[in-house]
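Protein chains in written order, with the numbering used here: chain C, 650 to 1067; chain R, 650 to 1067.
Protein chains: 2
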Amino acid sequence: MPYKALDENSVPDYVKSRPALGGLFPSDCDVGVKEIGDGNVNLVFMVENKDNREHSAVLKQALPYLRVAGESWPLTRERMRFETQALLKYNELAPGLAPEVYDHDEEMSLVIMEHLKGFEIMRKPLVARKRFPRFVDHISTFMARTLFFTSDLYLTRVEKKGLQDRFVHPQLHKIQEDFVFTNPYMDSPENNWNPEIDAEVKAVRSNSTLKLALAEIKESYITHVQALIHGDLHTGSVMLNNDRTCVIDPEFAFFGPMGFDVGAMLENLVLNLLSHYAHTKDPAERSVYREYLLELVKGVWDEFARKFDDLWKKNQRGELVPSGYWQFQGGSEAFEEYRSQYILDLLRDTAGYGGAKMLRRMMGIVSVWDISIIEDLKKRAVAELAAIRIGSRWLLERKQITGINDLIGIVKEETKDI
Amino acid sequence: MPYKALDENSVPDYVKSRPALGGLFPSDCDVGVKEIGDGNVNLVFMVENKDNREHSAVLKQALPYLRVAGESWPLTRERMRFETQALLKYNELAPGLAPEVYDHDEEMSLVIMEHLKGFEIMRKPLVARKRFPRFVDHISTFMARTLFFTSDLYLTRVEKKGLQDRFVHPQLHKIQEDFVFTNPYMDSPENNWNPEIDAEVKAVRSNSTLKLALAEIKESYITHVQALIHGDLHTGSVMLNNDRTCVIDPEFAFFGPMGFDVGAMLENLVLNLLSHYAHTKDPAERSVYREYLLELVKGVWDEFARKFDDLWKKNQRGELVPSGYWQFQGGSEAFEEYRSQYILDLLRDTAGYGGAKMLRRMMGIVSVWDISIIEDLKKRAVAELAAIRIGSRWLLERKQITGINDLIGIVKEETKDI
């Protein structure tokens, strides 16, 4: 059917009309619907079969504009196609680590997927100092598998090109590029920052060294076609409980540098760490939880790197460097060295992109919930200034980074007084 | 009409049937045809209106296989589409510096273009120590304009994507990638080298450091989608006389790293320089011509860099970094620094790709005419070993390069005894 934005009244008939959903929502059942989106760009409905509450689903439909900035940043609904394609790919490559897709409708720009009942968006429990014992294992598996299996290390050239073509939308990507790498650092009407850090924001905007690094890393983001990345992999795109972790919202998915995903994840853990300056009054308690968050940072990277390397060793199938290339005296050590250099470059990219993303959250269109909910603007400023310092250093020192401990060391140094 | 390989007998009727060629070859004229291809992959005919010898053209038609390796490396005829698209783009961006396209026929996989009467393929006169006073100016303009105007520095994201889509052929690119970066350095049946350098070739194939660098730069070649590059810009793809320089044969054109084109050009000048060890017996004469070739290397780079920078300053139109981004105290210096860093990175890429291409010519499927015509295999080996030394150093030292004189210095050091 032609596109029409659904609402709570029209969803029941819609889901009952879909053959693929016959098992969940038979035509004679009573369907309950609740809009649950906080939606920048989408409608999100929780849909439930009232006759059998085990049968539920989430329906997500793209709106034709980006709400956060009014209608001034028009986005085509096409992005829902990317989200759907990415989720289907995740279902294939990392089953259980993303919501299962039940049905999708390209004309209506919507996807119907698993209802993650009782899951929390990760940001919130992190503010409440909750711990997730399986998170490191899950997210590192998700990143290692989705990035490795969509890169030239695994795919043939033809396969990669075929997959790449399903994620092309230069207008949409331009918005993301500008909002991360450009607009926050210049005069742009949508920028938004805490007046308490006005001087520091202005200092960033006229810091030649930082702006050079940002320009350089933006070029690399745009031109480095490495793997299918999620494109927005922060702790707001993770839903979890004690048993499962699911990555959601891959509507910005496209072929770009792997370090952008890994950087987003680590950066958001650090921003949460900084937010505890305000959220956790007790210094001892704060310090303990911060240590935990730094363990997550280290664990996510170490496990990701280990699993990525392992997949590489076990799946020498891509056409980038065939296994025969390493067949010489000392070749297996050279291959090992190559993998280790590749993964170190990935960590350096992680530092650069993570740093840039930390900065933009302090002065661009999108802030970060963990910190922006701090009501006391002076306290909030303390966290934000630390984020600016850490983000700047991750970015500027990225080429000298030799291990994850360097990134953690910077966090510790810049938070020792707060 | 459906594809059919033309021959000298069928060309006259074909060209007379084309409305776009009515002015050159009216239906009642007498058409002379001569096959002039040395053809690896194409048929090339010189076509002349015998009633008016000013009216001539070159017809180039793709064969469905790559002759150089028999029929074992099948190539689709589609590549002629890329050659045609690239030539049309060159006609637009660098008029006069590529043959004018008169007509093209996608179904027949052919293009009909300007006959460059009296032009020489550059390799040959370089072996004869000829000088081309306008070459530096022409080739630097060609490279600066075709690379700048097809990059993110000039094109919008949407424009770039649109252009990029016209040059996609992963199978074809894979052959080029493997023949440059992989197969020459491992056991592969099509490899071919001078038995006099057998030990050194084997040493390269088991040199971990070199192979790591080659793997690294291959990844970058595949994933760095920077601009529309010619993809095979050696001195055999340049036709010239004293007044004009034309770039031909862009059938490998695709979106890749700019340094691959610049590197190919500089590398081929250096290989020619090395060939004079055999071609020019008189040491004084040899030394003078070598100096001239090094002046070309320096001139091509310096002029390219200057013109590229100039185009950038005058055309701040791309979406990569908008001009407002540099509007702060010290911003214009930062923008200058950014351009200069970008161009230095381009030189480092040039060194890496040029070095890799120098190596592959010594031990892969395609040798280089300037050197392979040396009949005395021992003399040929002297030139080849120098090429291996220089190529290795350009590649391995690329990240420390700070200017073109570093590359020239390596050439001088490695040729001081020959």
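Even glycine gets a Cβ: it sits at the ideal position worked out from N, Cα and C.
| query | result |
| --- | --- |
| By Cβ distance below 7 Å, which residues in the same chain neighbour R726 of chain R in space, the five residues on each side in sequence not counted? | Y652, A711, P713 and S758 |
| Does DSSP put K1065 of chain C in a helix, in a strand, or in coil? | coil |
| From the DSSP output, read off the bridge partner residues of H879 of chain C. | Bridge partners of H879 of chain C: none, in fact. |
| Return the chain-ordered ranges of every alpha helix (DSSP H) run that is complete within the segment 783-813 of chain C and spans a minimum of 4 residues. | 784-797 and 806-813 |
| Excluding the 5 residues preceding and the 5 following T894 of chain C in the sequence, name in chain order all residues of the same chain whose CB lies nearer than 7 Å to its CB. | L746, R783, F784, H787, I788 and V887 |
| Just the C-alpha distance for L673 of chain R and D959 of chain R, rounded to the nearest angstrom, thanks. | 39 Å |
| Expressed to the nearest angstrom, what Euclidean distance is found between the alpha-carbon atoms of L708 of chain C and G681 of chain C? | 12 Å |
| For a minimum of 4 consecutive residues, which ranges assigned as the alpha helix (DSSP H) are wholly contained in the segment 970-1056 of chain C? | 980-1012, 1018-1021 and 1026-1045 |
| Which residues in chain R have a C-beta closer than 8 Å to the C-beta of D754 of chain C? List them in chain order. | Simply none; closest approach about 26 Å. |
| Would DSSP call I770 of chain R helix, strand or coil? | strand |
| Taking 7 Å as the threshold (C-beta atoms), are N841 of chain C and R1029 of chain C in contact? | no |
| So T929 of chain R is in the beta strand (DSSP E); what residue range does that whole segment cover? | Here T929 of chain R belongs to no beta strand (DSSP E), and DSSP marks it neither H nor E. |
| Could you pull out every residue in the same chain whose Cβ sits closer than 6 Å to the Cβ of L742 of chain C, ignoring the five residues on either side in sequence? | R794, T795 and F798 |
| With Q820 of chain R as the anchor, note down where its alpha helix (DSSP H) starts and where it stops. | P819 to E826 |
| What does DSSP give as the partner residue(s) for H873 of chain C in the beta ladder? | R:H873 |
| Under three-state DSSP, which class holds Y652 of chain C? | coil |
| Report the rounded CA-to-CA distance for R988 of chain R versus Y1002 of chain R, giving the unit in angstroms. | 21 Å |
| If I measure Cβ to Cβ from E732 of chain C and keep anything under 6 Å in the same chain, skipping five residues before and after, which residues do I get? | P899 and E900 |
| If contact is defined by three or more beta carbon pairs under 8 Å, each pair taking one atom from either stretch, is the segment 661-676 of chain R in contact with the segment 1055-1063 of chain C? | no |
| So V850 of chain R and M1012 of chain R are supposed to be a Cβ contact under 8 Å. How far apart are they, rounded? | 5 Å |
| Which chain C residues sit within Cβ distance under 8 Å of Q976 of chain R? | M835 and D836 |
| Between K1048 of chain R and R997 of chain R, how many whole angstroms is the CB-CB distance? I'm expecting something under 8 Å. | 6 Å |
| Name the chain C residues whose beta carbon is nearer than 7 Å to that of P819 of chain R? | R806, V807 and K810 |
| Using a Cβ-Cβ cut-off of 7 Å, state whether D958 of chain R counts as contacting chain C. | no |
| For G905 of chain R, write down the residues that DSSP places opposite it in a beta bridge. | R:A876 |
| Applying the 10 Å Cβ sphere with the 16-neighbour rule, what's the burial state of L802 of chain C? | buried |
| Can you name the start and end residues of the beta strand (DSSP E) that K665 of chain C belongs to? | Not the beta strand (DSSP E): K665 of chain C falls in the alpha helix (DSSP H), residues V660 to K665. |
| How would you call V937 of chain C, buried or exposed, if buried means at least 16 neighbouring beta carbons within 10 angstroms? | exposed |
| Helix, strand or coil for N843 of chain C per DSSP? | coil |
| Suppose the cutoff is 7 Å on Cβ atoms and the five residues either side in sequence are ignored; what does the same chain contact list for N768 of chain C look like? | Note that residue 768 of chain C corresponds to Phe in the displayed sequence, not to Asn. Excluding sequence neighbours, F768 of chain C sits near M888, L889, N890 and C895. |
| Given that S1016 of chain C touches chain R, what residues does it touch there, using C-beta distances under 9 Å? | What S1016 of chain C touches in chain R: nothing, since even the nearest Cβ is about 21 Å away. |
| Pick helix, strand or coil for K779 of chain R, following the three-state DSSP scheme. | coil |
| Taking the straight line between their C-alpha atoms, what separation do you get for I915 of chain C and N921 of chain C? | Correcting the residue type first, residue 915 of chain C is Leu in the shown sequence and not Ile. Approximately 10 Å between the Cα atoms of the pair. |
| Which whole-angstrom value is the C-beta distance of G1040 of chain C and L1008 of chain C, which I expect to be below 8 Å? | 4 Å |
| Helix, strand or coil: how does DSSP classify Y916 of chain C here? | Note that residue 916 of chain C is Glu in the sequence shown, not Tyr. In this structure, E916 of chain C counts as helix in the three-state DSSP scheme. |
| Which residues in the same chain have their Cβ closer than 6 Å to the Cβ of I1014 of chain R, if we skip the five residues on either side of it in sequence? | F828 and E839 |
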